[in-house]
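Worksheet: the structure to be examined is printed underneath.
In this note's numbering, the protein residues as written are 450 to 623.
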């Protein structure tokens, strides 16, 4: 059975790899290169909003989108304004509340998102060249677990100041 030190080393190694991967995937130049390859001009956060709308399979309220993306509704409203200007989303009247509006992804938005996904998949396929399929499947499983846990943690604790950080051990005497 691995001891606590092994767990910290493994978690530390994973943190370093995830930090590097996050940096590489979210670098502005890389995003611009991928979106240009897909023939679109959407900001990174706009892409996540388009994904959320596509996964919703129907119209969504701004507040629901903000909750799903874990941002403020005003942020989503600004994104919707940009995306509506590009005809990637549309606002419609909420059938249950005439004061509210709903947002849905348009056919152009779906096509745009599909082009970006295909560009991303091509890049990933190239980067994964030579990695056995079972290893990729195991990685997907672990990463889904991590995402689910982080989303749960953010939604239940909002990463409050009361959330304790791991204790650090005192340096060894020399």
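Idealized CB from N, CA, C, for every residue including glycine.
Assignment of beta-bridge partners to residue 553 by DSSP yields 539. Three or more beta-carbon pairs separated by less than 8 Å are not found between the segment 514-534 and the segment 580-593, which leaves the two stretches without contact. DSSP places residue 577 in no alpha helix (DSSP H); its state is neither H nor E. Just so you know, the alpha carbons of residue 571 and residue 547 end up roughly 43 Å apart. Residue environment for residue 562: buried (at least 16 other C-beta atoms within 10 angstroms of its C-beta). In terms of CA proximity to residue 494, 518 leads the group 511, 488 and 518. For residue 510, the three-state secondary structure derived from DSSP is strand. By the CB criterion at 7 Å, residue 550 and residue 487 fall outside the cutoff. With fewer than 16 other Cβ atoms inside 10 Å of its own Cβ, residue 574 counts as exposed. Taking a C-beta distance under 7 Å as the contact criterion, residue 552 and residue 509 qualify as a contact pair. The alpha helix (DSSP H) runs of length 4 or more contained entirely in the segment 479-528 are, from start to end of the chain, 493-505 and 511-518. If you draw a 10 Å sphere on the C-beta of residue 579, you find fewer than 16 other C-beta atoms in it, and that means exposed. If the five residues before and after residue 468 are omitted, its C-beta is found closer than 7 Å to no C-beta atom of its own chain.
Rounded to whole angstroms, residue 584 and residue 479 show a C-alpha spacing of 25 Å.
Residue nearest to residue 542 within the set 515, 520, 511 and 559 is 511 (criterion: CA-CA distance).
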